[in-house]
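Residue numbers (my numbering): 45 to 760. Just so you know, even glycine gets a beta-carbon here, dropped at the ideal spot from N, CA and C. Okay, so here's the structure we're looking at.
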């Protein structure tokens with residue numbers, strides 16, 4: 045084994061020795077231990093020292109055993125406990141190899157300990173100043189051992205340097221910890237001061253809150269005292285008021301008793317007066333009871349006198365100033381009730397007699413009415429015949445021209461055929477067809493009812509909806525889609541119902557509001573232009589309800605009753621009789637205005653390439669035929685005025701001078717003929733027509749009708 049390995053083995057042995065296992069406790073001062081306690085332990089050789097000595101030669105061991113006084117070698121020194129036995133014996137026993145080896149190991153151990161002692165003394169900084177100086181050491185080892193000892197010392201110095209560096213690092217860490225602890229302490233001191241300040245403010249606030257509570261409590265006690273005082277005052281006032289009310293109630297009860305007593309007196313007097321008056325009705329001497337039997341009247345009169353006597357006895361009891369009691373009033377009221385029963389019995393007998401007499405009068409009245417009806421029919425026939433005779437004498441017609449009547453008859457026949465064609469839909473037998481008919485009628489009539497003068501855009505929407513319906517397209521109605529193609533006769537039925545609704549609007553809406561005629565006429569003329577069948581149905585309905593739109597005065601045929609003939613003339617006849625003349629003229633006026641508006645107006649959004657389906661030429665024809673016919677009282681003047689007010693301005697612009705000649709003929713000749721057949725109570729319409737003609741001829745112009753749709757309306 046090389047020397048270097050031996051040295052390291054030596055170092056390893058020393059490291060494993062108790063001296064090499066000294067532990068430094070950094071917290072020795074807290075435990076009260078001595079820092080040099082480990083260095084004072086008794087030295088002992090390691091178990092590995094024998095191995096080291098076996099590799100050392102005896103020569104080197106013998107030559108190294110010399111005294112070294114004042115030399116610079118660091119040799120192990122024997123302590124006093126080893127020197128004493130040596131001196132007593134005089135020498136070591138070298139015969140025993142093991143003993144020699146142990147001695148050498150002991151000397152080495154002493155040398156190491158002697159080298160470590162000065163170092164420990166330097167580290168402790170003169171901790172044992174009072175210890176006596178050690179004797180000079182004796183070198184017992186060879187140069188090799190000395191080199192090993194030097195290596196040990198060098199190792200110890202390096203280890204001591206590392207220890208110093210570790211100690212310095214530990215000191216720096218401790219200083220940083222101290223700085224951190226100081227900073228943390230400062231922050232804790234600040235937090236403590238803030239906490240104390242907060243506690244002071246809280247105590248101040250609690251004191252203020254306590255003072256506020258005490259103030260509020262004192263104010264509350266004062267308010268409570270005031271409230272108690274007010275409550276006591278209120279109780280006193282209530283008691284005073286109750287006492288006053290009790291006094292007033294007693295006074296009111298007294299007044300009420302007096303009033304009730306006086307009221308009972310008045311009622312008693314009224315009962316007595318009524319009984320006396322009713323008793324007079326039972327007197328047999330009255331003339332209105334002449335039809336009743338005398339025996340019945342005598343018994344009723346006797347019973348009435350008895351009841352009057354009972355009431356008189358009750359009145360006599362109250363003559364001394366006392367009020368009548370409730371029982372007295374009950375007796376008087378019972379007597380009055382009995383008297384009324386007598387009167388009722390008498391009236392029943394009288395009614396029976398009156399019914400018998402009325403029955404006889406009704407029979408007589410029926411006979412008289414039959415005679416008057418016959419006379420009226422004869423007078424109507426004579427009036428019609430007289431009108432015909434006058435017309436024949438003056439060259440006037442009694443009805444429309446044959447061509448016009450033929451055209452009207454063709455319209456009616458065509459309409460009747462169409463109605464017969466959709467008879468299955470018009471008179472449905474199953475529920476599904478009936479429901480479909482209602483849907484068709486609703487979708488045809490509702491848009492016409494919505495026509496108004498509000499805006500042109502709204503009117504165009506209504507027109508488009510009707511046009512789509514008649515074109516077979518689907519139209520929404522109540523959230524459902526309806527189309528005329530859903531039934532084979534759907535288109536004909538819808539066209540018929542639509543034309544009927546247009547005429548009905550003229551009969552009702554236009555008759556009440558004349559300005560409403562123009563939007564209705566605009567839609568009707570536009571639909572007529574696109575769907576001619578609707579126009580034919582429109583004319584058929586109009587001629588049937590208003591024959592004066594043909595114009596035609598239907599004659600009375602043989603066997604036709606007066607009611608039926610009036611229905612033919614346009615009157616409404618129902619169970620209550622024939623409608624009044626004013627209502628009749630109002631309806632005829634509305635339909636003539638609608639006809640005149642349709643003649644002179646076209647739908648502005650149409651193509652306008654061809655002629656109007658029923659234009660102003662029909663208006664000229666209507667007016668000329670009216671002037672060629674014998675006038676009728678009231679009706680002729682009314683329809684002429686309505687027609688000229690609506691269509692006069694358009695006819696002036698179309699025919700100009702010819703139209704003025706026609707108006708001049710109307711003023712100079714035809715008005716006189718109207719006046720001849722007009723009675724004194726029918727001059728209203730004639731006067732209005734005369735005034736209209738005079739104003740128009742004097743100014744040479746006819747003003748546009750009120751409510752006529754302008755170009756601005758169609759832009760709205």
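Of the residues 346, 271 and 699, which one's Cα is nearest the Cα of residue 320? Residue mapping note: residue 320 aligns to position 276 of the chain shown, counting from 1. With distances taken between Cα atoms, residue 320 lies closest to 346.
For residue 495, collect the residues of the same chain with a Cβ closer than 7 Å to its Cβ; drop the 5 residues on either side in sequence, then sort them by chain order.
Walking along the chain shown from the start, residue 495 turns up at place 451. So the list reads 503, 506, 563, 564 and 567, once near-sequence residues are dropped.
Taking Cβ positions, are residue 539 and residue 575 nearer each other than 9 Å? Here residue 539 is taken as the residue at index 495 of the chain shown, counted from 1. Here residue 575 is taken as the residue at index 531 of the chain shown, counted from 1. A Cβ-Cβ contact shorter than 9 Å links residue 539 with residue 575.
- Query: In the DSSP assignment, what are the bridge partners of residue 520?
  - Reply: Taking the chain shown and counting its residues from 1, the one referred to as residue 520 is at position 476. Partner(s): 525.
Could you pull out every residue in the same chain whose Cβ sits closer than 8 Å to the Cβ of residue 484, ignoring the five residues on either side in sequence?
Counting from 1 along the chain shown, the entry for residue 484 is found at position 440. The residues are 469, 526, 528, 531, 534, 537, 538 and 541.
Notebook entry, point to check: Should the region 710-720 be regarded as contacting the region 743-756, the criterion being three or more beta carbon pairs within less than 8 Å?
Noted result: As far as the Cβ criterion goes, the region 710-720 does not touch the region 743-756, which means the pair count is below three.
### Message
Using only CA atoms, which one of 723, 517, 247 and 451 lies nearest to residue 678?
### Response
By 1-based counting over the chain shown, the position of residue 678 is 634. Among 723, 517, 247 and 451, the Cα nearest to that of residue 678 is on 723.
Using DSSP's beta-bridge definition, name the partner residues of residue 621.
The count along the chain shown starts at 1 and reaches residue 621 at position 577. According to DSSP, residue 621 shares a beta bridge with 618.
Q) Is the region 669-688 in contact with the region 627-638, if contact means three or more CB pairs nearer than 8 Å? A) The region 669-688 is in contact with the region 627-638.
| query | Between residue 717 and residue 675, which are expected to be in contact by the criterion C-beta below 8 Å, what is the C-beta distance as a whole number of angstroms? | reply | Residue 717 sits at position 673 when you count from the first residue of the chain shown. Residue 675 sits at position 631 when you count from the first residue of the chain shown. About 5 Å separates the two Cβ atoms, so the contact holds.
### Message
What does the Cβ neighbour count give for residue 697, buried or exposed, with the cut at 16 atoms within 10 Å?
### Response
Residue mapping note: residue 697 aligns to position 653 of the chain shown, counting from 1. With fewer than 16 Cβ atoms within 10 Å of its Cβ, residue 697 is classed as exposed.
Exercise for the section: Classify residue 603 as helix, strand or coil using the three-state DSSP reduction. Expected result: Translated into positions along the chain shown, residue 603 becomes position 559. DSSP places residue 603 in coil when its eight states are reduced to three.
Check your understanding: DSSP three-state call for residue 745: helix, strand or coil?
Key -> Reading the chain shown from its first residue, position 701 is the one you call residue 745. Three-state DSSP puts residue 745 in coil, outside helix and strand.
Distance, Cα to Cα, residue 272 vs residue 253?
-> Stepping through the chain shown from its first residue, residue 272 is reached at position 228. Stepping through the chain shown from its first residue, residue 253 is reached at position 209. Cα to Cα, the separation comes out at about 27 Å.
Where residue 645 falls, given that 16 or more other Cβ within 10 Å makes a residue buried:
Looking up residue 645 in the chain shown gives position 601. Burial call: buried.
Assess, as a yes-or-no matter, whether the region 485-493 is touched by the region 511-527 under the definition of 3 or more beta carbon pairs within less than 8 Å.
Yes, since at least three Cβ pairs between the region 511-527 and the region 485-493 fall closer than 8 Å, the two stretches touch.
* To do: Kindly confirm or deny that the region 594-609 and the region 544-560 touch, where touching means at least three C-beta pairs closer than 8 Å.
  => Contact between the region 594-609 and the region 544-560 is absent, because fewer than three Cβ pairs lie under 8 Å.
* Since residue 195 and residue 55 are thought to touch, with beta carbons under 8 Å apart, how far apart are those beta carbons, to the nearest angstrom? -> As a working note, residue 195 is residue 151 in the chain shown. As a working note, residue 55 is residue 11 in the chain shown. Their Cβ separation, rounded to whole angstroms, is 7 Å, which keeps residue 195 and residue 55 in contact under 8 Å.
- Measure the C-alpha to C-alpha separation of residue 415 and residue 405 and round it to an integer number of angstroms. Indexing the chain shown from 1 puts residue 415 at position 371. Indexing the chain shown from 1 puts residue 405 at position 361. Taking the straight line from one Cα to the other gives about 15 Å.
Practice prompt. Report yes if the C-beta distance between residue 704 and residue 741 is below 9 Å; otherwise report no.
Written response: Position 660 of the chain shown, counted from the start, is the residue given in the question as residue 704. Position 697 of the chain shown, counted from the start, is the residue given in the question as residue 741. The Cβ atoms of residue 704 and residue 741 lie closer than 9 Å to each other.
Would you call residue 637 buried or exposed, if buried means 16 or more other Cβ atoms sit within 10 Å of its Cβ?
-> Residue numbering aside, residue 637 sits at position 593 when the chain shown is read from its first letter. Classification for residue 637: buried.
Considering Cα atoms alone, identify which of 192, 719 and 693 is closest to residue 641. Against the chain shown, residue 641 aligns to sequence position 597. That would be 693, whose Cα lies nearest to the Cα of residue 641.
ask   = Any idea if residue 48 is buried or exposed, counting beta-carbon neighbours within 10 angstroms, 16 or more meaning buried?
value = The residue given as residue 48 occupies position 4 in the chain shown. Around the CB of residue 48, fewer than 16 other CB atoms lie within 10 Å, so the residue is classed as exposed.
- Where does the unbroken alpha helix (DSSP H) through residue 492 begin, and where does it stop? For the purposes of this step, residue 492 is identified with residue 448 of the chain shown, where counting begins at 1. For residue 492, the enclosing alpha helix (DSSP H) begins and ends at 475-493.
DSSP-derived helix/strand/coil call for residue 533: Taking the chain shown and counting its residues from 1, one reaches residue 533 at position 489. Under the three-state reduction of DSSP, residue 533 is assigned to coil, being neither helix nor strand.
**Asked** Within this structure, are the beta carbons of residue 658 and residue 521 separated by less than 9 Å?
**Response** Position 614 of the chain shown, counted from the start, is the residue given in the question as residue 658. Position 477 of the chain shown, counted from the start, is the residue given in the question as residue 521. With a cutoff of 9 Å on beta-carbon distance, residue 658 and residue 521 are scored as not near each other.
**Q.** As assigned by DSSP and simplified to three states, the class of residue 751
**A.** Working through the chain shown from its first residue, we reach residue 751 at position 707. In the structure shown, residue 751 falls within a coil segment according to DSSP collapsed to helix, strand and coil.
message = Please list the terminal residues of the continuous alpha helix (DSSP H) segment that includes residue 295.
response = Residue mapping note: residue 295 aligns to position 251 of the chain shown, counting from 1. For residue 295, the enclosing alpha helix (DSSP H) has its first and last residue at 187-325.
Out of 53, 279, 482 and 216, which one is the CA nearest neighbour of residue 189?
Here residue 189 corresponds to residue number 145 of the chain shown, with the count starting at 1. Nearest of 53, 279, 482 and 216 to residue 189, Cα basis: 53.
Practice problem: At 4 residues or longer, and completely inside the region 672-746: list those alpha helix (DSSP H) runs for me, N to C. | Solution: Uninterrupted alpha helix (DSSP H) stretches at least 4 residues long and entirely within the region 672-746 occur at 679-699, 701-709, 715-721 and 727-743, given in chain order.
- What are the start and end residues of the alpha helix (DSSP H) that includes residue 655? As a first step, residue 655 must be located in the chain shown, where it is residue number 611. No alpha helix (DSSP H) holds residue 655; DSSP gives it neither H nor E.
TODO: Report all residues from its chain with a CB closer than 7 Å to the CB of residue 310; omit the five preceding and five following residues, and keep chain order.
DONE: Against the chain shown, residue 310 aligns to sequence position 266. There are no such residues.
Quiz prompt | Three-way DSSP call (helix, strand, coil) for residue 648 in this model | solution = Start at 1 with the first residue of the chain shown, and residue 648 comes out as number 604. Coil at residue 648, not helix or strand.
*How would you write the range of the alpha helix (DSSP H) that residue 466 sits in, first residue to last?*
Here residue 466 corresponds to residue number 422 of the chain shown, with the count starting at 1. First-last for residue 466: undefined, no H or E at that position.
Please report the distance separating the alpha-carbon of residue 377 from that of residue 366.
Taking the chain shown and counting its residues from 1, the one referred to as residue 377 is at position 333. Taking the chain shown and counting its residues from 1, the one referred to as residue 366 is at position 322. C-alpha separation (whole angstroms): 19 Å.
* residue 695 beta carbon less than 9 Å from that of residue 663 -> Residue 663 sits at position 619 when you count from the first residue of the chain shown. Residue 695 sits at position 651 when you count from the first residue of the chain shown. Residue 695 sits close to residue 663, with the two beta carbons spaced by under 9 Å.
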